[in-house]
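Participant: So that we are looking at the same thing, I have put the structure below in structure tokens.
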Amino acid sequence: MAQRFKDVDWIGLFLWLFRAAIIVLVLWGTVAKIFFGAGNAYSASDWIDFFVSGLSQGSLYALIALGYTLVYGVLFMINFAHGEFFMSGTMTATVFIALPLSASGFLDRNPIIGMLIILVVAMSISVGVALLTERIAYRPLRRAPRLVPLITAIGASFFWQYFFRGLYGSSLIPFPELQALQGKFSFWGVDILKTRAVVIVSSVIMLIGLYFFVMRTKTGKAIRAVAEDKDVAALMGIDVDRTIAITFATGAAMAGAAGILYGLVFRQVHFFMGFVPGIKAFTAAVLGGIGSIPGAALGGLFLGVIEAVGPPLFLEGLGIPGGHQLKDVIAFTMLVLVLIFRPQGIIGERLAEKKA
Amino acid sequence: MMAQLDVRNTIRMGLLAGVVAVSLSMIGMVEAFDQRDVITDVFSLGQLLLFTAPAIVGYMVVQRGKVKAYGPALFGGLIAGVFAALPIFALLILTLIFPNIRAQLVNVSPTLIGILAFGNGQVVGGLLMTAVMGILGLLGAAIYVIPDRIGNPLILGLGWTLLVGVLSEVLLNILRPLLPRAVLRFLFGTKGITFATAVILLILITTGIVWWQEKGREQAKARREAMSSGQQKTRRQVSLGMGLILLFVLPLILGTYLTEVVDNVGLYILMGLGLNIVVGFAGLLDLGYVAFFAIGAYTVGVLTSQGGLGVGHLSFWVALPIAVATSTMAGMLLGVPVLRMRGDYLAIVTLGFGEIIRVLATSDLLKPVIGGAQGVLQIPKPEIFGFTVIQPQHFYYVILAGVFLAIFLSSRLRDARLGRQWMALREDEDVAEAMGIHLVKTKLLAFGIGAAFSGLAGAIFAARLSSIFPHSFNLLISINVLSLIIVGGMGSLPGVVVGALVLVGLPELLREFAEYRLLLYGALLIAMMVTKPEGLWPSPVRRRELRAAEEETAPQIEQVG
């Protein structure tokens, strides 16, 4: 017993040192940057720019993270293929709708109608792919050991990536540029790129809409009931399989919409685009406490901002060259840190017992 | 009542098969595979892909309805086949209406349309396709209806004949020095086997199997029973010895290119055996496994390189144990933070680790040490007693030695106390701990030993390629290794070998696969998990576990109050 205790303590000490080291590094970098001006110098408007771009990136993560959170809520599985739902809708809508509409000039004449059409197509393709995946790869495995659906999810992810690569080719496909979204808005003397503003505003609208869908509608109630207890929900007359499918569809619709916003910001799509945002959105979901909708939104925004502000702030402060290359490292390190130290997320407490 | 043909279901399944066939065409597989003839000038791999769908669906509809009467069964097969052709017909018509559809779907090329329409116009070709698929559906149904005694051998015979045809290039390479040219010309066409060979093979294999079923099996069994146990043992030893000799002379038979393929398979077997310890034995799903492969490769690279980045200029044999030790350390070190995690969270965190290491290797931060995106160059070839290991044939023996060592260690570990502790851990962590198993030590050893194998593979990889770049160490390698141990059977050592041969060997032999490799892996992972979660060559313990889990799963455990 004493032996065991000693070992656990040793591990605890290691983790504690690890945590302390990260905190010290981040603080040191930040202090060095702010007070001693290490690395490049940025003006106030540069910092605002970093922050806003982080917010717009973060709101995309938030939209994608919803899919992880919803599915995790009902099935307790990480839907590894969620990034592919995001990619499939976006690529299809870009290739079949956005590019032809833009070429014919329709998109610039009626930007709102055009974008709505693109959005609807992207969302419905994403939903279709999600429903197909759920039906083939997840539903038959409801009662299997937990690792099994995770493995099929990984399989589905790669299947869809290379399926769409086969359909549309492996090259980068440009997303059309909207004339209406060029230039900047000016709020109280702060210039914000129009695309970023549109991304942030529409994400917030969708997040609120989704929150009301889950909290106020009958379907939303069914989703919450299934998340609470599948067997009891079935006894209450809820069609569990159907509700799970709806959950997948809801998450995928958000991901499809996020994909179009991603296209607006980065102006290119390709078959591998779902992978990194997918993992980062998962990070966001975990950050906010997986299973919680407001948590996913906050986690996404938080991750986006840290990622945008982090490299110029503490990485440059530490004198690390090429900080922007390490953006992904920041995100993954956050993921690892959160899962190790606070698996219940920053604001969540739901699954604390289960995972820790 | 039982032998009813469900027409609606038949139509639905036919359409489904058609959608699959059309998808395969649209993502370019049919066209890519059309380059390879299975039977020279008669039948290409692409067509095989296209036409298996109606044949299989024809078989399946009558099998599902258990229709044994000729009339309804053949009719059902025909219907299914015809409906399987409809989506293809639709695609053909679509290309007629939108000739520029290639701007959207890059793989709907004129060549593809040519294949789908048999070189005719879209309408005529579509009708032809409908007829051909209908007949194939009918034939598929026919195979079910004829007595199993002949039907099953026929299916196997067809399968083997087609496999020989698909792999004809490899066979030709092996047989070229052995057989006279006239015989070769008779057996093989320009691409694929000749029609005559196909017919002969089909007849030989089918009759062979029929004979085996009727007579041979009994005779062999009788002969085996007649032998004393001592004789049986010698026989087993003799066949084992023959197998070993075959393994040793293999590179001489195969030639440079095929040996290279075998080397690749060997490296994957090595990695698979390592991951098998972590995932298969201990049940810790590790998606960042490539990190240790990279660490092994970079250690050897930096320690032995003659280039600017080289430190120490050690010989390969000195660097090798250092690389293995470094990987082991890294494995245990990365294991510490995840000790308290389970299942899916563990998977994601290890994936995060793998990505962090890859991004760090590419970044400018570590460029002075490991070269950033330019990688480490000028890694010397290993030398042994004045003999330099250069050729793939030479590396074959290095890799073979590594694989033997790994198999030996794995099998000893599996049956040792530690191995049984791992399996206890895999089945239930809490119970294992309650039984007095030291979780920390057991888990860290699993991570460490698993990483050691991978580091060994990485070290050999670095020496074999002479230069290493960070982009060779991406997530896809982890996924490949994971796929192969899952397809082979988690926790099963022969399973790893089978998995590597199927998932790494086959695609390398059929270069057309390259682009669709991960697509097939993905589909295979899903298919395996849904239909045969224990893998192709399962370990008996694992199979029992999965069965037990299926029977008494208690979803309540998953719930949180």
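Top line first, the protein sequences correspond to chains A and B.
So for the first sequence, the working numbering puts the first residue at 1; every next one is plus one.
So for the second sequence, the working numbering puts the first residue at 1001; every next one is plus one.
Built from N, CA and C at the ideal position, the CB exists for glycine as well.
Remember, predicted model here, so these are calculated numbers, not experimental data.
Any beta carbon from chain B within less than 9 Å of Y61 of chain A's own beta carbon?
Facilitator: Working through the first sequence from its first residue, we reach residue 61 of chain A at position 61. Closer than 9 Å: no.
Participant: Apart from the five residues just before and just after S1411 of chain B, which ones in its own chain have a Cβ nearer than 8 Å to its Cβ?
Facilitator: In the second sequence, residue 1411 of chain B corresponds to position 411, counting from 1. So the list reads L1493, once near-sequence residues are dropped.
Participant: Measure the Cβ-Cβ separation of Q1378 of chain B and S1467 of chain B and say whether it is below 9 Å.
Facilitator: Residue mapping note: residue 1378 of chain B aligns to position 378 of the second sequence, counting from 1. Residue mapping note: residue 1467 of chain B aligns to position 467 of the second sequence, counting from 1. Going by C-beta atoms, Q1378 of chain B is nearer than 9 Å to S1467 of chain B.
Participant: Decide if G1046 of chain B is buried, meaning its Cβ has at least 16 other Cβ atoms within 10 Å, or exposed.
Facilitator: Within the second sequence, numbered from 1, the residue matching residue 1046 of chain B stands at position 46. That one is buried.
Participant: Report the residue from B:M1529, B:G1535, B:P1540, B:W1537 whose alpha carbon sits nearest the alpha carbon of R143 of chain A.
Facilitator: Walking along the first sequence from the start, residue 143 of chain A turns up at place 143. The shortest Cα separation from R143 of chain A among B:M1529, B:G1535, B:P1540, B:W1537 belongs to B:M1529.
Participant: Between P1538 of chain B and chain A, is there a C-beta pair that is closer than 9 Å?
Facilitator: Against the second sequence, residue 1538 of chain B aligns to sequence position 538. Chain A, which has no Cβ nearer than 9 Å to the Cβ of P1538 of chain B, makes this no.
Participant: So who's on the other strand from L193 of chain A, going by DSSP bridges?
Facilitator: Within the first sequence, numbered from 1, the residue matching residue 193 of chain A stands at position 193. BP columns for L193 of chain A point to A:K184.
Participant: Is there a Cβ of chain A sitting closer than 9 Å to that of V1440 of chain B, yes or no?
Facilitator: Start at 1 with the first residue of the second sequence, and residue 1440 of chain B comes out as number 440. So, interface residue.
Participant: On the three-state DSSP scale, how would you describe A352 of chain A?
Facilitator: Locating residue 352 of chain A in the first sequence gives position 352, where the first residue counts as 1. Note that A352 of chain A scores 36 on pLDDT, short of 50, meaning its location in the model is unreliable; the coordinates nonetheless yield the value given after this. Helix.
Participant: Taking I1027 of chain B as part of the beta strand (DSSP E), name the residues at either end of that continuous run.
Facilitator: On the second sequence, residue 1027 of chain B is found 27 positions in, with the first residue counted as 1. No beta strand (DSSP E) contains I1027 of chain B, which DSSP labels as neither H nor E.
Participant: Thinking C-beta only, is F275 of chain A closer than 9 Å to S124 of chain A?
Facilitator: On the first sequence, residue 124 of chain A is found 124 positions in, with the first residue counted as 1. On the first sequence, residue 275 of chain A is found 275 positions in, with the first residue counted as 1. Their beta carbons are not under 9 Å apart, which means S124 of chain A does not touch F275 of chain A by this criterion.
Participant: Check this for me: beta carbons of L70 of chain A and I279 of chain A, under 9 Å apart or not?
Facilitator: Working through the first sequence from its first residue, we reach residue 70 of chain A at position 70. Working through the first sequence from its first residue, we reach residue 279 of chain A at position 279. It is not a contact, given that the beta carbons lie outside the stated cut-off.
Participant: DSSP on T1388 of chain B, reduced to helix/strand/coil?
Facilitator: What you label residue 1388 of chain B is simply residue 388 of the second sequence in a count that begins at 1. Here T1388 of chain B sits in strand by DSSP.
Participant: Please report the residue range of the alpha helix (DSSP H) in which G1101 of chain B lies.
Facilitator: Here residue 1101 of chain B refers to the residue found at position 101 of the second sequence. Here residue 1101 of chain B turns out to be Ile, not Gly, going by the sequence shown. Counting along the chain, I1101 of chain B falls outside any alpha helix (DSSP H), and DSSP gives it neither H nor E.
Participant: Counting only beta-carbon atoms, is W28 of chain A nearer than 9 Å to chain B?
Facilitator: The count along the first sequence starts at 1 and reaches residue 28 of chain A at position 28. By this cut-off, W28 of chain A is not an interface position.
Participant: Can a CB atom of chain A be found closer than 9 Å to the CB of Q1374 of chain B?
Facilitator: In the second sequence, the residue the question calls residue 1374 of chain B occupies position 374. No, no contact with chain A.
Participant: Listing by chain order, which chain A residues have their CB less than 8 Å from the CB of G1535 of chain B?
Facilitator: By 1-based counting over the second sequence, the position of residue 1535 of chain B is 535. Ordered by position in chain A, no residue passes the 8 Å Cβ test against G1535 of chain B, which lies about 11 Å from the chain.
Participant: Could you tell me the distance, in whole angstroms, from the CA atom of F1098 of chain B to the CA atom of G1137 of chain B?
Facilitator: To locate residue 1098 of chain B, count along the second sequence from 1; it is residue 98. To locate residue 1137 of chain B, count along the second sequence from 1; it is residue 137. Answer to the nearest angstrom: the Cα atoms are 30 Å apart.
Participant: Between I340 of chain A and A1416 of chain B, what straight-line distance do the alpha-carbon atoms span, to the nearest angstrom?
Facilitator: Reading the first sequence from its first residue, position 340 is the one you call residue 340 of chain A. Reading the second sequence from its first residue, position 416 is the one you call residue 1416 of chain B. Spanning the two alpha carbons is a distance of roughly 31 Å.
Participant: Going along the chain, which unbroken runs of the beta strand (DSSP E) with 3 or more residues stay wholly within the segment 1052-1133 of chain B?
Facilitator: DSSP runs (the beta strand (DSSP E)) wholly in the segment 1052-1133 of chain B: none.
Participant: Write down every uninterrupted run of the alpha helix (DSSP H) in the segment 1321-1379 of chain B whose length is 4 residues or greater and which is fully enclosed by it, in chain order.
Facilitator: Complete alpha helix (DSSP H) runs here, min 4: 1343-1362, 1367-1370.
Participant: In or out: A1459 of chain B buried (at least 16 other Cβ within 10 Å) or exposed?
Facilitator: Looking up residue 1459 of chain B in the second sequence gives position 459. A1459 of chain B should be labelled buried.
Participant: When you check each C-beta in the segment 1353-1364 of chain B against every C-beta of chain A, which residues fall closer than 8 Å?
Facilitator: Those residues of the segment 1353-1364 of chain B that come within reach of chain A (Cβ to Cβ, closer than 8 Å) are F1353, E1355, I1356, V1359, L1360, T1362, S1363, D1364.
Participant: Is it true that the CB of I1399 of chain B sits closer than 9 Å to the CB of L1270 of chain B?
Facilitator: In the second sequence, the residue the question calls residue 1270 of chain B occupies position 270. In the second sequence, the residue the question calls residue 1399 of chain B occupies position 399. For L1270 of chain B and I1399 of chain B, yes; Cβs fall inside 9 Å.
Participant: Counting contacts by CB-CB distance shorter than 9 Å, is I340 of chain A in contact with chain B?
Facilitator: Position 340 of the first sequence holds residue 340 of chain A. At least one chain B Cβ lies under 9 Å of I340 of chain A.
Participant: Which residues in the same chain as E1558 of chain B place their Cβ atom closer than 7 Å to its Cβ, once the five residues preceding and following it in sequence are excluded?
Facilitator: For this step, residue 1558 of chain B is matched to residue 558 along the second sequence. Caution applies to E1558 of chain B, whose pLDDT of 40 falls short of 50 and renders its modelled position unreliable; the model cannot decide the point.
Participant: Consider the Cβ of S1472 of chain B: report whether some Cβ of chain A lies at a distance smaller than 9 Å.
Facilitator: Walking along the second sequence from the start, residue 1472 of chain B turns up at place 472. Not closer than 9 Å to any Cβ of chain A, the Cβ of S1472 of chain B fails to qualify, so no.
Participant: Under 8 Å from any heavy atom of the ligand NAD, does the C-beta of L193 of chain A make it?
Facilitator: Annotation note on the ligand NAD: not contained in the displayed structure, which lists no ligands.
Participant: If we cut at 9 Å on Cβ distances, does P1337 of chain B have a partner in chain A?
Facilitator: Numbered from its first residue, the second sequence carries residue 1337 of chain B at position 337. Answer yes: the Cβ-Cβ gap between P1337 of chain B and chain A drops below 9 Å somewhere.
Participant: For G1301 of chain B and L1484 of chain B, what's the separation of their Cα atoms in angstroms?
Facilitator: By 1-based counting over the second sequence, the position of residue 1301 of chain B is 301. By 1-based counting over the second sequence, the position of residue 1484 of chain B is 484. Their Cα atoms are separated by approximately 27 Å.
Participant: Who are the Cβ neighbours of I1101 of chain B in its own chain at under 7 Å, not counting the five residues just before and after it?
Facilitator: Locating residue 1101 of chain B in the second sequence gives position 101, where the first residue counts as 1. Cβ within range, chain order: L1094, T1095, V1108.
Participant: Please name the residue or residues paired with V269 of chain A in a DSSP beta bridge.
Facilitator: For the purposes of this step, residue 269 of chain A is identified with residue 269 of the first sequence, where counting begins at 1. Answer is A:I173, bridged to V269 of chain A.
Participant: What does the alpha-carbon distance come out to for the pair F96 of chain A and Q1421 of chain B?
Facilitator: The residue labelled residue 96 of chain A in the question sits at position 96 within the first sequence. The residue labelled residue 1421 of chain B in the question sits at position 421 within the second sequence. Approximately 55 Å between the Cα atoms of the pair.
Participant: Could you tell me how far apart the beta carbons of I415 of chain A and A122 of chain A are, in whole angstroms, since I believe they sit closer than 8 Å?
Facilitator: Not covered by the structure: residue 415 of chain A. The range shown for chain A is 1 to 356.
Participant: Mind checking whether F314 of chain A and T133 of chain A have CB atoms under 9 Å apart?
Facilitator: The residue you call residue 314 of chain A lines up with position 314 of the first sequence. The residue you call residue 133 of chain A lines up with position 133 of the first sequence. Cβ atoms of F314 of chain A and T133 of chain A: not closer than 9 Å.
Participant: Using a Cβ-Cβ cut-off of 9 Å, state whether G1343 of chain B counts as contacting chain A.
Facilitator: Along the second sequence, one-based indexing puts residue 1343 of chain B at 343. Chain A, which has a Cβ nearer than 9 Å to the Cβ of G1343 of chain B, makes this yes.
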